[in-house]
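In terms of numbering that gives the first Met the number 0, the sequence shown is numbered consecutively and its last residue is 709.
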Amino acid sequence: MNSDGTQDTRGTHANPVPRPAGPPDVPAMPPRPPRAPGAPPLPDGSAFVTWLRAPRPDAAPGVWRFGHRPRPAEEPEEVPTRQLLSGALIAFLVGWLIWSLLQNGYLGGWWWVPLHLITPDSWRGADSELGETGTFLVYRGYELLVALGIMVGVARLGRWGDVWRRLVAPRFRRPEPQEAAPAPQDDPAQWNQLRAAGAVDAAERLAAEARSGLMRDVDHARILRAWQGVLSGRHSLAAFSSAVLQDGAAACLHPSGARDLPARLARHDLVTGQVRLGTTVEDSRNPYAYRGAGLALGPDLLGTSLVAVGPAGSGKTGSVVWPVAESLCLHALAGRAAVVVVGAAGAGLGPADAYDVVVRIGNPESVHDLDLYGGTTDPDEAAAVLAEALVGDLADPHPGGDSRRSTTVLAQLLGPYRAVHGRFPSVPELRQLLDGAPGPRDALRKALSDAGEDSLLRELDARERQSGQPGDVGAVLADRVALLDRPAFSGFFDTSGQSRPFSLKALDHPVRVRIDLPERGHADASRILARLVLAQFTAGVAVREDRSLFACLVLDDASGVVTPEAVRAIQRLRSAHAGAVLTLRTLDDVPRPLRGPLLGATGCRMALSGLTPWDGQDFAEVWGKEWTEARDVTDRQIIAETPAGKALYVLRRVITGNAPTARAVTVRQVERERWSASELAHGVPPGHAVLSLTNVQGEHAPPLLVDLRS
């Protein structure tokens, strides 16, 4: 069956997708839940079924929903433990004193009046109808009721219940029993949605595979994705049922044949699509509902794009980039996403076996090449993308800056060349055309004249007239292309069809791509290539026919990549069901006029430990201010007016060493920054980050202090 998880990348210059040499490894499933003493051993597959049945309540954006226990939005007022214990003790002593006074008659006999009112006279006295024993029981029972009443009163006054719940009950709390299996109609392991649609046999097969331990979390997500294709009408129910009955949990495989990644470093929950990054710190600056909860990202948050800023060694790659890339690779295996990960060679972006296509630019052993023109056949589109990569960082970052001249210059050469040769020029050929070398340009002119391409001939004439004129950008373009025309790249960017160039047009399919940039020795070329990939990605996802597949670009170290056009393109990714993850060592790598627009274009912003105060100021401005309660405490010296008072105050000062004062407290509402530049620069511990979130529905999470190591 051809489902979203089984489509190949045919027609995208990446055919076929490399397959693993051997069978996929069995993934590490979620840990088994603790068993009560004497409980029977768990049958095979019970760990997966338990994981599948675990509660995942709705929560605020960014909360790790697996096993989450919601907390109140506001922090309940809690009495300090010392005050609670002292209050309980004082209340007990007060109750004891009252009871002693009643017993010894110091308060009179009025407390016997209720007993005398409700009992007949014949019950009292030496000749009582009840006898000596009965009278004793009546009076002692009444005393017990009064004592219980006093105890209840002082218990409420002294908060004995809070003392029990906070200090005593936790010591006697037993382990929570295992959750009972849900009702069959509510059990996700029964695949009731398939049963309701009439695919009972397929549901029985999948349920049996889950119970026997043959199903994994990726299998569950992949088959659900294929079932969504049936519901949307892209696939038939008969084809889906046939595939499930034939292959079971291995149905609708990814083109690579893999059912999991070679290894996992982060915690993933493919039911919710989240990857856990850390734990929200128990800090007063964090909202109470978030404190102590896991912090996780998913496509609903990455769809608004993420920018993470932190110096080298702050954990951008290991704590953010690789967990996100790993999660997106799992989503790709489930047929839900396409991911492109870009970074320096050896940056720790995961093993090659975790990807379908690995492009090692500048490495002779690279199997795949990078399509310089993004797989397009339109000269104008190719010129726009290539101009952004070559000189996008030179465009005026201010509003109204014009970068169309570079696009026009390239289009004047690419269009005529393609009309003659049926392909776009290679890097050396493009460099010669931009340099104005007479040989290649005269040959191109003659070929256009022989073919009768008058309109394209006029384009070439216009380019010749502009060459050498003041303000001509052809020389700048030629200098930038020369950075790619190096011996290390001689086997790359081939347009003759002799290599295997990868095109980002493949994002219509659940493909996993890693692109290694040659930063060592070719830093300028790496920045050009990074801008090229970003431009091709934003252009490719905007024209996809099927946008149900989430596409994401993970760019480790986006220094020199942020341009005016890139910021505008990132803003448009949300509507295309796509997102980008960018990391920066400092915001100084972004032109000053673009820092605010970049932080405004991304819905998720992360400031890691070690940020500079200048970077912190930009984050503080974009996170804004909030109303908070401020308390001003003033100590005022008391001046006595009488001789006795003066003597008393002198004695008090001699004893305590301080003058007698009166304290005045003023409470007012003030507007303060959520996180100040100083706090971001000096108040974020190592291994922590401050992160604000926005999902594609527009729900916000305020800046949260997160421990990325837990």
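Built from N, CA and C at the ideal position, the CB exists for glycine as well.
Treat the numbers as computed from the prediction; the structure is a model and nothing was measured.
How should Gly400 be labelled, buried or exposed, when 16 other C-beta atoms within 10 angstroms of its C-beta is the threshold for buried? Because Gly400 sits at a pLDDT of 49, beneath the cut-off of 50, its placement in the model cannot be relied upon, and the following sentence gives the value as read from the coordinates. With fewer than 16 Cβ atoms within 10 Å of its Cβ, Gly400 is classed as exposed.
DSSP three-state label for Asn561, please. With the sequence shown as reference, residue 561 is identified as Val, and Asn is not the correct amino acid for it. Coil.
Using the Cβ count rule (16 or more neighbours within 10 Å means buried), how would you classify Tyr372? buried
In angstroms with no decimal places, state the Cα-to-Cα distance between Thr316 and Thr660. 56 Å
Can you list, in chain order, the stretches of the alpha helix (DSSP H) that have 4 or more residues and sit fully within the stretch 467-507? 473-483
Which same chain residues, not among the five before or five after Ile222, have their C-beta less than 8 Å away from its C-beta? Leu205, Val243, Ala248, Ala250 and Cys251
Helix, strand or coil: how does DSSP classify Gly400 here? Only weak support exists for where Gly400 lies, its pLDDT of 49 falling under 50; the value from the coordinates is given anyway. Three-state result, Gly400: coil.
Should the stretch 301-309 be regarded as contacting the stretch 573-588, the criterion being three or more beta carbon pairs within less than 8 Å? yes
Could you tell me how far apart the beta carbons of Leu516 and Ser525 are, in whole angstroms, since I believe they sit closer than 8 Å? 4 Å
Of the residues Leu269, Ala288, Phe171 and Ser211, which one's Cα is nearest the Cα of Pro71? Ala288
Coil, strand or helix - Ser255 by DSSP: coil
Work out the CA separation of Ala337 and Val384 for me, nearest whole Å. 21 Å
Beta-carbon gap between Leu193 and Ala202 smaller than 8 Å: yes
If you draw a straight line from the alpha carbon of Pro522 to that of Arg511, how long is it in whole angstroms? Correcting the residue type first, residue 522 is Ala in the shown sequence and not Pro. Going from the Cα of Ala522 to the Cα of Arg511 covers about 25 Å.
Can the beta-carbon of Val540 be found closer than 8 Å to that of Ala575? yes
Looking at the structure shown, is Pro286 part of a helix, part of a strand, or coil, going by DSSP? coil
Straight-line Cα distance separating Ala346 from Leu704: 26 Å
Applying the 10 Å Cβ sphere with the 16-neighbour rule, what's the burial state of Asp268? Buried: at least 16 other Cβ atoms inside 10 Å.
Taking only three categories from DSSP, how would you classify Asp792? Nothing in the structure corresponds to residue 792, since the chain is present only between 0 and 709.
Consult DSSP for Ala198 and reduce its assignment to one of helix, strand or coil. coil
Tell me whether the beta-carbon of Ala600 lies closer than 8 Å to the beta-carbon of Val689. no
For Lys624, count neighbouring Cβ atoms within 10 angstroms of its own Cβ and tell me buried if that reaches 16, exposed if not. exposed
One or two residues paired with Gly578 in a DSSP bridge: Cys551
If you follow the beta strand (DSSP E) that Ser691 is in, where does it begin and where does it stop? His687 to Thr693
CB-CB under 6 Å to Leu404, same chain, minus the five flanking residues each way: which ones, in chain order? Checking the displayed sequence, the identity of residue 404 turns out to be Arg instead of Leu. Counting only Cβ-Cβ distances below 6 Å, and skipping sequence neighbours, we find Val472.
Where Met150 sits in the DSSP three-state scheme: helix
For my contact list, Asp617 and Arg594 are in at a C-beta cut-off of 8 Å; report their separation, rounded to the angstrom. 5 Å
Is Glu711 helix, strand or coil when you go by DSSP? Nothing can be reported for residue 711: it is not among the residues displayed for the chain, which extend from 0 to 709.
With DSSP as the reference, please indicate the residues paired to Arg513 in a beta bridge. Arg513 pairs with Val340 and Val357.
Tell me which residues share the same chain as Gly314 and place their Cβ nearer than 7 Å to its Cβ, disregarding the 5 neighbours each side in the sequence. Leu607, Gly686 and Leu707
Could you have a look at Arg210 and say whether DSSP puts it in helix, strand or coil? helix
In whole angstroms, give me the CA-to-CA distance for Trp57 and Leu296. Correcting the residue identity first, residue 57 is Asp in this sequence and not Trp. Answer to the nearest angstrom: the Cα atoms are 14 Å apart.
Quick check on DSSP: helix, strand or coil for Asp617? helix
What's the call for Arg34, buried or exposed, on a 16-neighbour Cβ count within 10 Å? Any reading at Arg34 needs caution, since the residue's pLDDT is 38, under 50, leaving its predicted position unreliable; the model's value is listed next. So Arg34 counts as exposed.
Looking at the secondary structure, which residues open and close the beta strand (DSSP E) in which Leu597 lies? Unbroken run through Leu597 is the alpha helix (DSSP H), Arg591 to Ala600; no beta strand (DSSP E).
Taking the beta carbon of Glu76 as the centre, do at least 16 other beta carbons fall within 10 Å, making it buried, or is it exposed? exposed
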